[in-house]
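Number of protein chains: 4
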Amino acid sequence: MGTRRFTDEDPQLDALYADLADIDLQPLWRLSGVLTGEPVSRAQPYRWRGKQLREVGDRAGRLVPLDKGGDRRVLSCANPGLGGAPYATPTLWAGLQHLDGHEYAPAHHHTPAALRFVFEGSGVWTLVDGDPIHMARGDLVLTPSWTFHEHHNTTADPMMWLDVLDVPLVSYLESIFYEVGPSDEVNRRTAARSAAEQRWALGAGLTPVARDLPEPPADHSPLLVYRWSDTDDALRVLAGTVERDARLRFTDPARGTDVMPTMRCEMQRVPAGRTTTPHRQTGSRVGAVLNGTGTLVIAGHEFDIEPGDVFAVPSWSWLTLASETAEDLDVFTVSDAPVLEAIRLYREEWREEQQ
Amino acid sequence: MGTRRFTDEDPQLDALYADLADIDLQPLWRLSGVLTGEPVSRAQPYRWRGKQLREVGDRAGRLVPLDKGGDRRVLSCANPGLGGAPYATPTLWAGLQHLDGHEYAPAHHHTPAALRFVFEGSGVWTLVDGDPIHMARGDLVLTPSWTFHEHHNTTADPMMWLDVLDVPLVSYLESIFYEVGPSDEVNRRTAARSAAEQRWALGAGLTPVARDLPEPPADHSPLLVYRWSDTDDALRVLAGTVERDARLRFTDPARGTDVMPTMRCEMQRVPAGRTTTPHRQTGSRVGAVLNGTGTLVIAGHEFDIEPGDVFAVPSWSWLTLASETAEDLDVFTVSDAPVLEAIRLYREEWREEQQ
Amino acid sequence: MGTRRFTDEDPQLDALYADLADIDLQPLWRLSGVLTGEPVSRAQPYRWRGKQLREVGDRAGRLVPLDKGGDRRVLSCANPGLGGAPYATPTLWAGLQHLDGHEYAPAHHHTPAALRFVFEGSGVWTLVDGDPIHMARGDLVLTPSWTFHEHHNTTADPMMWLDVLDVPLVSYLESIFYEVGPSDEVNRRTAARSAAEQRWALGAGLTPVARDLPEPPADHSPLLVYRWSDTDDALRVLAGTVERDARLRFTDPARGTDVMPTMRCEMQRVPAGRTTTPHRQTGSRVGAVLNGTGTLVIAGHEFDIEPGDVFAVPSWSWLTLASETAEDLDVFTVSDAPVLEAIRLYREEWREEQQ
Amino acid sequence: MGTRRFTDEDPQLDALYADLADIDLQPLWRLSGVLTGEPVSRAQPYRWRGKQLREVGDRAGRLVPLDKGGDRRVLSCANPGLGGAPYATPTLWAGLQHLDGHEYAPAHHHTPAALRFVFEGSGVWTLVDGDPIHMARGDLVLTPSWTFHEHHNTTADPMMWLDVLDVPLVSYLESIFYEVGPSDEVNRRTAARSAAEQRWALGAGLTPVARDLPEPPADHSPLLVYRWSDTDDALRVLAGTVERDARLRFTDPARGTDVMPTMRCEMQRVPAGRTTTPHRQTGSRVGAVLNGTGTLVIAGHEFDIEPGDVFAVPSWSWLTLASETAEDLDVFTVSDAPVLEAIRLYREEWREEQQ
């Protein structure tokens, strides 16, 4: 449905258009770009430099206090295509969070779901509904929709990590609810292993049952953290068995579904010297480089990447990852694919001519 | 998370903010309105007048040709809160479609799903993937995502109806695909009863099975039309059995779910002289008045309503309907509730103090 | 796995066999018939004559009192292949129940599910968890597992109907629980239309929703009766649209599934002069002739049938129905197919050479 | 519904009873025991001694050849309550399978599902649809319904293990199909790790995805073996976190459901000196002792148990396990609970007064 092809120099038509505007109607035949042959994305292919993120994160840590009862110290990736909105893609927020030594970010909850991905460091615990989860390099930590969460740093050194949230989506759907935590008390609990892991990380297909164990939550994975050592081991096996383009999907061990209803989390290892088959999917993605250097090509735009880099992949844009050194390239991605699958709009394809 | 409370007159901070802007980052602590206590809607409570819709529809019918291979003659309801976008709410498109006597709107398909609701008239057939469905007063006709659809008018008189689509949602999710029909041939098939009804409208809980009958489609109701006479009969029974605030939900007879994955369709009968309990839900709604007159209150804004009126209910806005004459008020509504339910963001509540 | 092919005249072997018997072990290699190429049924193809059922039912009505707090006056179809058990097939009980004029069968509930199919008469109400359901010719009435049910006859004339239960299955699975009703009071409520129908028989795909309406039960169809007039209308449409071998399946209108988790109910109309394609399925079936006369062939055994006849179809037995008069043949069937589907053992096939 | 309470010395009644018998009907009021207040089990609480199983297994190995193309060398546990049938419970078959050094049991498949549980030894591979799975002490190996399976011993020593199948259930449902393998060739493939493990045992919530990876099978767990080292590790964590009566359920890592649609597999560790809370459930169970000694009480019958013992728990029978030595008691159980859950007949309870 493009622009109509007739010339509408007609006073009656002009009068109609004026009357339509008066009563808040618009003639479809004068609208263009409503139904396009393929998705057209507003977001741009983009990469934020890890080095720069760390540098400004450090400065923010020194300059900006984190008041008690206050906010998070987060630098949000703002995709230049999105008209000034603090969003990495139309549906995903990505930001670098900085917590000073011994600092504390108080409890709150909100309908947007969040996850943390740790580029480096350790010593911070995130409490999810009171369950203390240690955060360390390569770990993925979930704070699902409406779960209370707070962070505290047990060390003297600052720590930074990547936050990804579905804030733009939930904001678009006008379903944001937010509350501060029930208590002003700072909760500085720690534990070597979260309660979530004690029950749900016993191994593939090993599920404890007992009278007094609660049912897994209906809305998200009961396992709230995926440890790098497990992920790394799994990637190693995977790299040895699947020819190419295999990814590791983080899933709900109680149901096999995505970890949260709005975000799909995956980790891809591109072996040294290899390039992935170009792939595209409806909906957008945020990527984060954990290990290795190489090249990222999004819709023809080429970016060199290194650990700590964050990038945005717009909907239906071809994506290729190349590991160009002797080291494997490990890339974490978050997408809105579960949303699109739930409402039957998910499509994906590979560019066959590549090899 | 409101605006930070510290005064940031600090040259170092100014330098940081400038550097952040340079590398497309935004400091969360300077953003306000990201996480609100409750949903804040951009859309306004709004009502479009049926009389005006018909009047401009008639004029458009006289002035604007519908070229072969071309578009639809549709007037789109543009909510004044949405910055000029041709959308009734952030997720829903509503428009009046006009088809002249003997006119034909050629086949196309698109990922946005559509439905038709008929205020008056008859004599137009919509073909959905070739199945001819007659459209008449009070009927609800589905053209689910990616089904080919075309309309033709067998009478000499123009006909108008309400279109509702999830175009804003699918556009936001950057998942619009569109194709014209496979053939230039005008298909003017008619049938007294669609194939969909022959199989799926045999009665509640009566499902034919046979070797050569296809499985119901995975993504939407196999029943593509809900006839007014059936709806009216059901509303009559319902009004006699449920005390108040009962609605009739149009559902997939093969699964009991909503008719399409993105839109919930309901019809509510407010008995003469009655007022509904104020109700609100996350996500937005479009309403259409089929019968009766009365008053509509949305978030405190009062509108008188009559047959043919169309209205928009923003997210989390209190809605009340009052039938003020001796006639029952019949209101058809479409909402995005299935989307919110699928991703676990649906909430609703009733205002208890009312009676 | 047939009998082993070696000669076992060996004293050591004899000693082993004796020792095995002593400690309750059996050598698999001496067992035959455990794993057969195809299902071997113990039940026989069988037909009980409606005339005879009615005649002995009448006599039982005259001779056998139905004590208060006591039992049901039921004559159970005992398949001759089942060693004297009162079962029509290995999984299904079928019996003729007789209720005298003004008589009353008191409330009880049990884990076996039951259904009633009415060959003739009217004037009895079955109360299912208190909801009064009138029973008349051609009606299918459900009394799902663990629902309280009682029957009372409002007329002076006796009434008889067919009961089908999953008693043999639940007995085999050693899961029978039984309790008498909570009250000694005779409940003689009647209603022109059951509450179940008021809510769930509003039409295909028309589902009422309201604050105070309970969720449909998790375990069975909320619609507890399927009326003959609706079934008859649907069969008429079906006969006009599907070439042959179409059946009408009674389904849960809230979910589209079978009416109860253990029994599939269907009605088949064989048009006058037609024969069905031979068909077989794993699991057994009970059939009942409502209208018409003809011939039934089960695994090569031929039976003439007329209204009121009841028959048993063993697992994996070919079944053909022929309507041999000018009248359509209407046959109701109950099978255990939902059980087999749930545990992935259901198979069916048609004999292709037939036409 | 017990036996009727009236005296039926009545010549007319005698005549009726004779006539009923002639036409294969039975009067319900003369039947007793059809609907009991609670389940009544035919099976007996029973324990087979591991020492005896091994002793007769060894003798069978020496005396009974395993012909090519022939059977399995299996000793079936025959519950004395089941009238001579070779079944451990009404729904479950349990047998000790013996394979000589370098011996081979050829491929076949059948609709009954099977699993293997290994008490001791190693060196045998089971190929499931060609995927070689090594069997060693404490491992659980699945051969789901209709998968081809064969066993071969790579060592010079015999090996024995426990087979559990749902043969009685599938036989009762008259749904047994059986075929020998497609090839006469002996397949002696081995692999350090099965393909199933390479993909599905990467860790809790870690699922590989790739273009060329097949979807998990619809009917059973894609993970075909659960290794003792993983189970043991998980039991150790579990024992440290859950107060008592925790069991480890073997689940489908792709869906979180039971490993097969007919059998639930669990492993319970009773810490040294502890006794479990008495528990009962509808449906029957087979147990096998892997480690430790103690006492088993089933419906009041007490049995001392030691490694290698196999036992049968009838439906709705109270079960208690006590570990009476300094060693933990590890007990593997198989039940038909998934069948009962699927058809909504599953109930369970704990005896509260115990501690």
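For the record, the sequence lines run as chains A, B, C and D. In terms of the numbering used here, the first sequence opens at residue 1 and continues consecutively. In terms of the numbering used here, the second sequence opens at residue 356 and continues consecutively. In terms of the numbering used here, the third sequence opens at residue 711 and continues consecutively. In terms of the numbering used here, the fourth sequence opens at residue 1066 and continues consecutively. Beta carbons: idealized from backbone N, C-alpha and C, even for Gly. On a predicted model such as this, the values are computed, not experimentally measured, just so you know.
Cα-Cα separation between residue i and residue j, rounded to whole angstroms
{"i": "B:G595", "j": "D:D1231", "result": "52 Å"}
{"i": "B:E558", "j": "C:S939", "result": "First, the residue type needs correcting, since residue 558 of chain B is Gly and not Glu in the sequence shown. Going by the C-alpha atoms only, they are around 11 Å apart."}
{"i": "C:T1035", "j": "B:A491", "result": "42 Å"}
{"i": "B:E703", "j": "B:S672", "result": "10 Å"}
{"i": "A:L115", "j": "A:P261", "result": "13 Å"}
{"i": "A:R21", "j": "B:R404", "result": "The question names Arg, but residue 21 of chain A in the sequence shown is Ala. One C-alpha to the other measures close to 14 Å."}
{"i": "A:L173", "j": "B:G388", "result": "15 Å"}
{"i": "A:Y346", "j": "B:P487", "result": "29 Å"}
{"i": "C:L726", "j": "C:L738", "result": "13 Å"}
{"i": "B:P626", "j": "B:N646", "result": "11 Å"}
{"i": "A:A234", "j": "D:V1274", "result": "12 Å"}
{"i": "A:T143", "j": "B:A697", "result": "19 Å"}
{"i": "B:T688", "j": "B:A654", "result": "17 Å"}
{"i": "B:L390", "j": "B:Y581", "result": "41 Å"}
{"i": "D:A1257", "j": "B:C620", "result": "56 Å"}
{"i": "C:R772", "j": "C:D962", "result": "38 Å"}
CB of residue i within 7 Å of CB of residue j, strictly
{"i": "B:A300", "j": "B:T650", "result": "Outside the displayed range of chain B (356 to 710) lies residue 300 of chain B, so it cannot be described from this structure."}
{"i": "C:L872", "j": "C:A998", "result": "yes"}
{"i": "A:L224", "j": "D:L1271", "result": "no"}
{"i": "C:Y797", "j": "C:H862", "result": "no"}
{"i": "D:Q1109", "j": "D:P1155", "result": "no"}
{"i": "D:Q1346", "j": "D:V1396", "result": "no"}
{"i": "B:D494", "j": "B:V519", "result": "no"}
{"i": "A:T359", "j": "A:D232", "result": "Coverage of chain A is limited to positions 1 through 355, which leaves residue 359 of chain A absent and any answer about it impossible."}
{"i": "D:P1104", "j": "D:S1380", "result": "yes"}
{"i": "C:T1003", "j": "C:E1012", "result": "no"}
Residues near residue i in its chain [Cβ-Cβ closer than 7 Å; skip 5 each side]
{"i": "C:L723", "result": "none"}
{"i": "B:T510", "result": "G456 and G478"}
{"i": "A:I176", "result": "H110, T111, P112 and V170"}
{"i": "A:A60", "result": "R73, L75 and H98"}
Segment limits, alpha helix (DSSP H) that includes residue i
{"i": "B:D518", "result": "Taken as a continuous stretch (DSSP letters only), B:D518 belongs to no alpha helix (DSSP H), being part of the beta strand (DSSP E) at M514 to L520."}
{"i": "C:R946", "result": "W938 to T951"}
Contact set between residue i and chain F, taken where Cβ atoms lie within less than 7 Å
{"i": "C:I886", "result": "No chain F is present in this structure, whose protein chains are A, B, C and D."}
Range of the contiguous beta strand (DSSP E) that encloses residue i
{"i": "C:R757", "result": "Y756 to W758"}
{"i": "D:V1375", "result": "V1375 to V1378"}
{"i": "B:D685", "result": "L684 to S690"}
{"i": "C:V838", "result": "S832 to V838"}
{"i": "C:V851", "result": "L850 to T853"}
{"i": "D:D1132", "result": "Where D:D1132 is concerned, there is no enclosing beta strand (DSSP E), given that its DSSP letter is neither H nor E."}
{"i": "D:A1170", "result": "Y1169 to H1175"}
{"i": "D:G1166", "result": "Looking at the DSSP string, D:G1166 is not in any beta strand (DSSP E), and its letter there is neither H nor E."}
{"i": "C:S1033", "result": "L1029 to S1033"}
6 Å CB neighbourhood of residue i in its chain, flanking five on each side removed
{"i": "A:V339", "result": "T262"}
{"i": "C:A964", "result": "P926 and P932"}
{"i": "D:H1173", "result": "V1245 and G1246"}
{"i": "C:V896", "result": "Y814"}
Completely contained alpha helix (DSSP H) runs for the stretch 1228-1287 of chain D, where each covers 4 or more residues: 1232-1237 and 1260-1265
Inside the stretch 955-1016 of chain C only - beta strand (DSSP E) runs reaching at least 3 residues: 957-960, 974-980, 989-991, 995-1001, 1004-1008 and 1011-1015
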